[in-house]
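Residue numbers (this note's numbering), protein chains in the order written: chain A, 27 to 115; chain B, -11 to 121. The beta-carbon is built from N, C-alpha and C at its ideal position, and this holds for glycine as well. Written below as structure tokens is the structure these notes are about.
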């Protein structure tokens, strides 16, 4: 079980790095917002795996809050983008 | 047996998340990237939360894990829709191999108006309602 958890943590860290590359490179702001939303999802998964590893169920509350924050950030960024009109970046 | 189920769920979830990250890195434009991330990452979160529920096996924890699953299933499509809409209106470029863009001939980005293509002179005129004045 420990190897499985370690392997999944490595995979998710690699996924975080790939998403971060898109945040840095992303040609436009919507691309970066999508990458940040993916960030939030991956971190929720990492928190879940960590809760299993440490056998502490309270970490799930943190996962709920992170999921909520990711959703609200996505909605807020979308409102901000649409308010601004066409842009070229 | 339970250990095997847990390990399988965790590994598949992590693999789906890696798949989502690969998709966001490799796919060519905003909409295809979004199609990779929202579905695969949501499925990854669902699988990992299922394994959390199997691992703890208490009512309170299982309820919280299922609350996260329901939350993700409800919010992921909404967030994807909102960002995709904002991205299209902001004018992000589509991939050169895009086959169909049904909004393009009907949507005017300057006035932000959508046309059906069936307007006549008569019904294209804006008719204010009583409550508008």
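request  = Please classify residue 120/B: does DSSP put it in a helix, a strand, or coil?
outcome  = Mapped onto the second chain, residue 120/B falls at position 132. Residue 120/B sits in a helix when the DSSP states are folded into three classes.
query = So, is the C-beta of residue 38/A closer than 9 angstroms to a C-beta in chain B?
reply = For the purposes of this step, residue 38/A is identified with residue 12 of the first chain, where counting begins at 1. For residue 38/A, a Cβ of chain B is located within less than 9 angstroms of the residue's own Cβ.
Check whether residue 88/B and residue 95/B have beta carbons under 9 angstroms apart = Taking the first residue of the second chain as position 1, residue 88/B is located at position 100. Taking the first residue of the second chain as position 1, residue 95/B is located at position 107. Against a cut-off of 9 angstroms, the Cβ pair of residue 95/B and residue 88/B comes out as no contact.
request  = Write down the C-beta distance between residue 74/A and residue 36/B rounded to the nearest angstrom, noting that I regard them as a contact closer than 8 angstroms.
outcome  = One-based indexing of the first chain puts residue 74/A at position 48. One-based indexing of the second chain puts residue 36/B at position 48. Confirmed, about 4 angstroms.
task = Output the boundary residues of the alpha helix (DSSP H) element that contains residue 81/B.
result = The residue given as residue 81/B occupies position 93 in the second chain. Looking at the DSSP string, residue 81/B is not in any alpha helix (DSSP H), and its letter there is neither H nor E.
request  = Can you check DSSP and say which residues form a bridge with residue 96/B?
outcome  = What you label residue 96/B is simply residue 108 of the second chain in a count that begins at 1. Beta-bridge pairing by DSSP links residue 96/B to 101/B.
key: residue 47/A vs residue 100/A beta-carbon contact at 9 angstroms   = Position 21 of the first chain holds residue 47/A. Position 74 of the first chain holds residue 100/A. No, these two residues do not count as a Cβ contact at 9 angstroms.
query = Does the beta-carbon distance from residue 24/B to residue 104/A come in below 9 angstroms?
reply = Reading the second chain from its first residue, position 36 is the one you call residue 24/B. Reading the first chain from its first residue, position 78 is the one you call residue 104/A. No, Cβ-Cβ distance for residue 24/B and residue 104/A is not below 9 angstroms.
ask   = What is the residue span of the alpha helix (DSSP H) that residue 108/A lies within?
value = Position 82 of the first chain holds residue 108/A. First-last of the alpha helix (DSSP H) with residue 108/A: 85 to 110.
query = Name the chain A residues whose beta carbon is nearer than 7 angstroms to that of residue 122/B?
reply = Coverage of chain B is limited to positions -11 through 121, which leaves residue 122/B absent and any answer about it impossible.
ask   = What is the rounded straight-line gap between the Cα of residue 45/A and the Cα of residue 106/A?
value = Counting from one through the first chain, the residue named residue 45/A turns up at place 19. Counting from one through the first chain, the residue named residue 106/A turns up at place 80. Roughly 22 angstroms separates the two Cα atoms.
query = Apart from the five residues just before and just after residue 108/A, which ones in its own chain have a Cβ nearer than 7 angstroms to its Cβ?
reply = Counting from 1 along the first chain, the entry for residue 108/A is found at position 82. Answer for residue 108/A: no residue qualifies.
request  = Name the two residues that bound the continuous alpha helix (DSSP H) containing residue 86/B.
outcome  = In the second chain, counting from the first residue as 1, residue 86/B sits at position 98. No alpha helix (DSSP H) contains residue 86/B, which DSSP labels as neither H nor E.
key: Residues, ordered as in the chain, of the segment 3 to 14 of chain B that lie near chain A by beta-carbon distance below 7 angstroms   = Those would be 3, 5, 6, 8, 9, 10, 12 and 13, in chain order.
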